[in-house]
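Residue numbering for the sequence shown follows full-length UniProt numbering, beginning at 1 and increasing consecutively. Note that beta-carbon positions come from the ideal geometry of N, C-alpha and C, so glycine has one too. Take a look at the structure below.
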Amino acid sequence: MDSGCTAVVALVTKDRLFVANAGDSRAVLSRDGKAVDLSIDHKPEDLIELKRIQNAGGRVTSDGRVNGGLNLSRALGDHFYKKSADLDAKEQMITALPDVVEETLDRSVDEFIVLACDGIWNSKSSQQVVDFVRPLLQKGETLSAICEQLFEACLAPDTSGDGTGCDNMTCVIVQLLPLDSTESKKRPSSPEPVETEQPESKKAKLAAES
Numbered sequence: 001m002d003s004g005c006t007a008v009v010a011l012v013t014k015d016r017l018f019v020a021n022a023g024d025s026r027a028v029l030s031r032d033g034k035a036v037d038l039s040i041d042h043k044p045e046d047l048i049e050l051k052r053i054q055n056a057g058g059r060v061t062s063d064g065r066v067n068g069g070l071n072l073s074r075a076l077g078d079h080f081y082k083k084s085a086d087l088d089a090k091e092q093m094i095t096a097l098p099d100v101v102e103e104t105l106d107r108s109v110d111e112f113i114v115l116a117c118d119g120i121w122n123s124k125s126s127q128q129v130v131d132f133v134r135p136l137l138q139k140g141e142t143l144s145a146i147c148e149q150l151f152e153a154c155l156a157p158d159t160s161g162d163g164t165g166c167d168n169m170t171c172v173i174v175q176l177l178p179l180d181s182t183e184s185k186k187r188p189s190s191p192e193p194v195e196t197e198q199p200e201s202k203k204a205k206l207a208a209e210s
């Protein structure tokens with residue numbers, strides 16, 4: 001069975017942030033408590049995506065699925081939707097071509113980044129996730145513990161509903177430390193070597209002095 005997955009990745013430098021995504025996994029920055037979306041969810045009903053799908057011979061159903069199957073329009077894998085030999089990879093019904101976003105970082109207000117799949121975003125909005133993570137981070141909770149609590153908050157109590165909260169969930173939280181904090185955590189330089197005497201040479205020296 002041919003399968004696929006979405007992808008969202010981030011590269012952080014001192015004052016720049018680069019994010020690339022294909023699919024509906026999302027990256028969100030907390031800027032002084034305000035959610036800043038760093039990616040665009042690629043959905044079949046979006047005009048630019050719909051046009052590509054139709055040009056490749058596909059269709060989007062009323063519930064937003066490509067040929068009645070995938071409910072996203074960009075992904076790694078899913079080769080069943082990439083079989084048009086006369087089309088470039090970026091022109092197929094489903095393409096892995098990412099969107100790339102560059103953001104300038106201000107370490108005085110930029111606090112953390114959340115990268116997560118749609119199992120999270122179908123349950124909570126970008127701002128709701130920031131509002132959930134921020135106070136826990138301020139309390140000193142570990143990033144892994146916050147992820148676990150977020151999963152629990154998004155999880156449906158049972159499977160009798162519309163499916164929200166029943167999807168798989170993946171989440172990464174990246175805390176953006178002030179530059180002076182990151183500098184202070186660098187490995188200290190190696191100390192100057194100290195000359196020591198081996199036990200045998202020390203015994204010989206004591207014998208010579210007696």
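Beta-carbon proximity of residue i to residue j, cut-off 7 Å
i, j, result
"residue 64", "residue 42", "no"
"residue 225", "residue 171", "An answer regarding residue 225 cannot be provided, because it is not within the stretch 1 to 210 covered by the chain."
"residue 26", "residue 39", "yes"
"residue 4", "residue 78", "yes"
"residue 113", "residue 10", "yes"
"residue 101", "residue 19", "yes"
"residue 35", "residue 123", "no"
"residue 21", "residue 12", "no"
"residue 58", "residue 67", "yes"
"residue 179", "residue 110", "no"
"residue 2", "residue 80", "yes"
Distance between beta carbons of residue j and residue i, contact taken as under 8 Å
i, j, result
"residue 96", "residue 70", "That pair is no contact at about 13 Å."
"residue 118", "residue 167", "7 Å"
"residue 44", "residue 73", "5 Å"
"residue 103", "residue 150", "Contact doesn't hold; Cβ gap of about 22 Å is too wide."
Of the residues the options, the one placed nearest residue i, counting alpha carbons only
i, options, result
"residue 106", "17, 4, 8", "17"
"residue 128", "61, 37, 73", "37"
"residue 143", "60, 115, 84", "115"
"residue 214", "6, 60, 169", "This structure cannot settle anything about residue 214, because the visible part of the chain is limited to 1 through 210."
Neighbour-count burial assignment, residue i, 16 or more Cβ in a 10 Å radius
i, result
"residue 145", "exposed"
"residue 152", "exposed"
"residue 14", "exposed"
"residue 33", "exposed"
"residue 48", "exposed"
Q: Give a yes or no on contact between the region 78-97 and the region 46-59, applying the rule of three or more CB pairs nearer than 8 Å.
A: yes
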